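In terms of the working numbering, the sequence shown opens at residue 2 and continues consecutively.
Every residue, glycine too, gets a C-beta built ideally from N, C-alpha and C.
All of these numbers come straight from a predicted model, not from anything done at the bench.
Notes follow once the structure below has been shown.
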Amino acid sequence: MSTWGWIFLLAFLGQIGWLIKDLIVNKGTPRNGTFGWVMHGVGLTLWGSLFLWCFRYRPT
């Protein structure tokens, strides 16, 4: 896997950690309500798809 793949994987895992932290600290809902859910969804989709793209095509 390329360096970019590792970077995107770390960003994806960081996004998951941030979501878990938000859910624990704010008792089951991300801060900013619906907007928080949307932003977590966008982040997970973005970093996850970039990681999978790097994993499949292996850019240098």
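Run of the alpha helix (DSSP H) containing residue i, from where it starts to where it stops
i   : result
K22 : 4-26
R57 : 35-58
Using 8 Å as the Cβ pair cut-off and three pairs as the minimum, do the stretch 10-27 and the stretch 37-52 touch? Because the criterion of three Cβ pairs below 8 Å is met, the stretch 10-27 and the stretch 37-52 touch.
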